[in-house]
Amino acid sequence: MSDTVENHLQTAPDEIAAVPVARLSPKQQLIARMRGHFGFKVGLIVLVTFTLVAILAPWIAPHDPYAQDLANRLVQPVWSEKGSWAHILGTDSLGRDYLSRLIYGAQISLVIGFSAMLISGLIGTVMGITAGYFGGRVDMVISFIILNRLSMPVVLVALAVVSLFGSSLIIVILVLGFLLWDRFAVVLRSATMQVRAIEYVAAAEVLGSPVRKILFRDILPNVSNHLLVVASIEMAHAILLEASLSFLGLGVQPPLPSWGLMVSEARPFMFFMPWLITIPGTAIFIVVLAINLLGDGLRDVTAPEGRN
Amino acid sequence: MLKYTVKRLGLALIVMLTVSIISFTLVRASGDIAIAVAGEGATDADIEAIRQQFGFDRPLVVQYFDWAGDVLTGDLGDSLFYREPVVQLLVERMPVTMTLGILSLGFAMLLAIPLGVLAAVFPNSIIDRICLGIAVLGQATPSFWFALLMILMFGVIWPVFPISGTDSWRHFIMPIIVLGYYVIPAIMRITRAGMIEVLESDYIRTAKAKGLNTHAVLFKHALRNAIIPVVSLLAVQLGFMLGGSVVVETIFSINGVGHLALLSIERSDFPMIQGIVLTLAILYILLTLFADILNGWLDPRIRIS
Chain A
2 MSDTVENHLQ
12 TAPDEIAAVP
22 VARLSPKQQL
32 IARMRGHFGF
42 KVGLIVLVTF
52 TLVAILAPWI
62 APHDPYAQDL
72 ANRLVQPVWS
82 EKGSWAHILG
92 TDSLGRDYLS
102 RLIYGAQISL
112 VIGFSAMLIS
122 GLIGTVMGIT
132 AGYFGGRVDM
142 VISFIILNRL
152 SMPVVLVALA
162 VVSLFGSSLI
172 IVILVLGFLL
182 WDRFAVVLRS
192 ATMQVRAIEY
202 VAAAEVLGSP
212 VRKILFRDIL
222 PNVSNHLLVV
232 ASIEMAHAIL
242 LEASLSFLGL
252 GVQPPLPSWG
262 LMVSEARPFM
272 FFMPWLITIP
282 GTAIFIVVLA
292 INLLGDGLRD
302 VTAPEGRN
Chain B
2 MLKYTVKRLG
12 LALIVMLTVS
22 IISFTLVRAS
32 GDIAIAVAGE
42 GATDADIEAI
52 RQQFGFDRPL
62 VVQYFDWAGD
72 VLTGDLGDSL
82 FYREPVVQLL
92 VERMPVTMTL
102 GILSLGFAML
112 LAIPLGVLAA
122 VFPNSIIDRI
132 CLGIAVLGQA
142 TPSFWFALLM
152 ILMFGVIWPV
162 FPISGTDSWR
172 HFIMPIIVLG
182 YYVIPAIMRI
192 TRAGMIEVLE
202 SDYIRTAKAK
212 GLNTHAVLFK
222 HALRNAIIPV
232 VSLLAVQLGF
242 MLGGSVVVET
252 IFSINGVGHL
262 ALLSIERSDF
272 PMIQGIVLTL
282 AILYILLTLF
292 ADILNGWLDP
302 RIRIS
C-alpha cells in the first residue's frame, strides 16, 4: 500500500519514456507520495478530525461536561434498550453526559500530547544536533546525559515527580516534556553525524559560515524528516503516558474529563456497564493509532529509499 | 575483550553514581521531608525534633554522602509506612516482579521471534502485513485499558482465569499477556530487520548456493547472526518492563515492587520511593551492561569500535 507510487515509477519505465511527462518538483513528488500512502492519509484525516472536535468542543458537545445530574446516573447509551437520544453515550456515575466528557477529553489528550512533544522535542533536538555536530567531548557529555536519562524508569519517575509537585495539567505536561526527550536526542544525534559528513557542510565551514547558520541552514532542514517522525512517536507516547498517570490517579485531576481518568472512574462499574471503560479507551486507542500511522507514513514518504 | 569490558564497567559505575544523586535530590527537592516523616497532626516542635534526629538540618551534600554510604552497605533506610527496612521489603517483593517480567519476556519472544523471521522470509506478504498490524495496534493500546479488557473478556464474559492475586500459575496468565504484549512489536521489528539484512549477505548466498536446505540456512546460519541485536534489546526491554509493572501489578493486585511503588508514592513514603527508583535504575544499568558485554562477545566488531 505504501509503495504504490514508487512501484508505478519503477515498473513502467518504458511507458514513462514514451509518453511526454511533466517532471515533478520534489515538493510535488512528496505530495504525490503522501496521497498514495494509505496509512498517512487515514492518520492525517483522523487526527485532523480529533483536533477539530477538540477545538469545537464548546459548540458540538450536547451538554456541559461538568454538570452533574444525580437523578440520571449511569444512563445507558442510545443503542441499548434503556438508552435515549438525550444522552447518546449515556451518563457516568455522577450523571454527567458521557459524550460531552469524551469530546472535552480530546482537548486534554491533544494539548498534553502536543505540548509535551514540543518541550521534549526542543530539549532533545538541541542535545542531539549539538552532540552530532560538535562530536568529541561535547558528544561524550551529551551521550552520558542520555544514558542517565535512559536508566531512569519513566513511569515511576513521572509518578513520583507528579506526586511530589502536585498534579495539574501544567505539571503533567512539564514532567512528560522533561522525560521524553531521549529518543529525539538519540535519533537526531546520529542523523546529524550523517549529514555532517556530507561535503556541503564542509564547504559551508570552509566558506566561513557561522556555526549557528550551518546548524539552522544546513543541518536542521536535512534532519527534519527524522525530527517529524520522532515527534509523532513521542506525541503518541505522551498521550498514552498521560492516560496511564491519570488512570493511576496521579495525572490530570477530577473533575477534568481526561480519558484515562474516565476509565479509572468507571472501573467500579465495568462488570455491569462495560461501555463505560470501552468508550474512553477506544478514544485513546484511535487517536494514538492515528498519530502512529501518520508518523510511519511520514517516514515512508520522506525517505522512500530507506524503507524496510 | 577485557579492555572493552573494563571500559563498559567503568561507564556503568559512573552512571550508577549519577542516578543515585538524581534519585536522592529528586526526593529532597520536593519540600520539607521532616513534615512528611512527622505525619499529620505533628506540632512544630515534633517536626524540629525529627529534623535533628534524622539530620535533615545538615547541608544536602553531607546528607547525600551519608545516605550513599548507607546504600553501599546495603542500608536504604526504613519505610515510613511499614516501619521496616526498605531492603527487606524489596527482597520480599522483587521475586514476584522479576518472575512476572521474565515470563512476560519469554512469552513475547516465543511469539515475536518466529513472527519476525517469517515476516523477513516473506517480506510484503500477508504474514508480514499481519505482523505489522499487530505491532501498530499494540503500540496504540493503553496497557491499563488492555488489562481491563482482558479482565472483562477472560474474567467475566468467559471466566477462565482468576482476575487478581498470585495464588497459582493461572493467576499469572493475564498479567503475562498484558505485559508481554508491549514488547512484541519491538522484538518483532528488530528480528525482521536483522533477518532481512543477514539474508541479503554473501555468506547466506554461499550457503544457499552450496545446496543447503532452507531450514539449515535460516536457523543455523541466518538467525544466529540476526539475533545479536535482539539480545541487547531484550535486556533493555526487561528494564522497561520492571517500570511498566506498576500498572499491571496494580490492576491485577499483584504484590510486587510495581504495586508497592504506587502505594509508596500515594503514602509519601520517601525512603521506599527512593529505594525502588534506585533499585530499578541499577537493575536497568546492569542489564544493559550485561547485554553490551554479551554483544561484544558475540560480535567482535562491536568491541573494536
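Residue numbers (the numbering used here), protein chains in the order written: chain A, 2 to 309; chain B, 2 to 306. Each residue gets a CB set at the ideal place from its N, CA and C atoms; glycine is no exception.
Per DSSP, cross-strand counterpart(s) of residue i
i	result
S85 of chain A	A:H88
D79 of chain B	B:P86
D140 of chain A	In DSSP, D140 of chain A forms no bridge with anything.
D98 of chain A	A:T92
Any C-beta of chain A under 8 Å from that of residue i
i	result
P115 of chain B	no
Q140 of chain B	yes
L27 of chain B	yes
G107 of chain B	no
S144 of chain B	yes
I191 of chain B	no
G1 of chain B	Only positions 2 to 306 of chain B appear in the structure, and residue 1 of chain B is not among them; the question remains open.
G297 of chain B	no
L281 of chain B	yes
T19 of chain B	yes
L14 of chain B	no
T251 of chain B	yes
A262 of chain B	yes
Y182 of chain B	no
L149 of chain B	yes
Y321 of chain B	This structure leaves residue 321 of chain B out entirely; chain B is present only between 2 and 306.
Cα-Cα separation, residue i to residue j
i	j	result
L242 of chain A	L177 of chain A	8 Å
L90 of chain A	V118 of chain B	44 Å
A13 of chain A	L219 of chain B	Confidence in A13 of chain A is poor, its pLDDT being 47 and thus under 50, which makes the residue's placement too unreliable to answer from.
A236 of chain B	A13 of chain B	15 Å
S105 of chain B	T74 of chain B	32 Å
L133 of chain B	L45 of chain A	19 Å
D300 of chain B	I228 of chain B	11 Å
G156 of chain B	T126 of chain A	45 Å
A232 of chain A	M118 of chain A	6 Å
D372 of chain B	I48 of chain B	Within the shown structure, residues of chain B are numbered from 2 to 306, placing residue 372 of chain B beyond reach of any answer.
R102 of chain A	S168 of chain A	20 Å
L116 of chain B	F108 of chain B	13 Å
F145 of chain B	A244 of chain A	9 Å
R184 of chain A	Y83 of chain B	38 Å
A210 of chain B	V199 of chain B	15 Å
G114 of chain A	G212 of chain B	54 Å
H216 of chain B	T207 of chain B	15 Å
D270 of chain B	A161 of chain A	10 Å
L180 of chain B	L112 of chain B	13 Å
V112 of chain A	V173 of chain A	11 Å
A194 of chain B	N226 of chain B	12 Å
Whole-angstrom C-beta distance between residue j and residue i, which should lie under 8 Å
i	j	result
G244 of chain B	L288 of chain B	The Cβ separation is near 12 Å, so there is no contact.
L81 of chain B	V38 of chain B	6 Å
L77 of chain B	G276 of chain B	4 Å
R29 of chain B	L61 of chain B	6 Å
L246 of chain A	V163 of chain A	6 Å
Any C-beta of chain B under 8 Å from that of residue i
i	result
I285 of chain A	yes
M271 of chain A	yes
P275 of chain A	yes
M141 of chain A	no
I278 of chain A	yes
A161 of chain A	yes
S245 of chain A	yes
N226 of chain A	no
G44 of chain A	no
V158 of chain A	yes
L290 of chain A	yes
F248 of chain A	yes
S81 of chain A	no
S259 of chain A	no
Heavy atom of the ligand GTP within 7 Å of residue i beta-carbon
i	result
V230 of chain A	Summarising the ligand content, the structure contains no ligands, and the ligand GTP is consequently not present.
*asked:* As an exercise, report each continuous alpha helix (DSSP H) stretch of at least 4 residues that is fully enclosed by the region 40–78 of chain A, in chain order.
replied: 58–61
*Any chance you could list the alpha helix (DSSP H) runs of at least 4 consecutive residues sitting entirely within the region 198–228 of chain A, in chain order?*
200–207
*Ignoring anything shorter than 4 residues or poking outside the region 120–161 of chain B, list the alpha helix (DSSP H) runs there in chain order.*
127–141 and 144–152
*List in chain order: all unbroken alpha helix (DSSP H) runs of 4+ residues lying wholly within the region 20–66 of chain B.*
34–39 and 45–55
*Could I get the ranges of all uninterrupted alpha helix (DSSP H) runs contained in the region 212–254 of chain B, with 4 residues as the minimum, in chain order?*
224–227 and 229–252
*Any chance you could list the alpha helix (DSSP H) runs of at least 4 consecutive residues sitting entirely within the region 261–299 of chain B, in chain order?*
271–299
_Runs of alpha helix (DSSP H) lying entirely within the region 120–171 of chain A, each at least 4 residues, in chain order_ = 137–152 and 155–166
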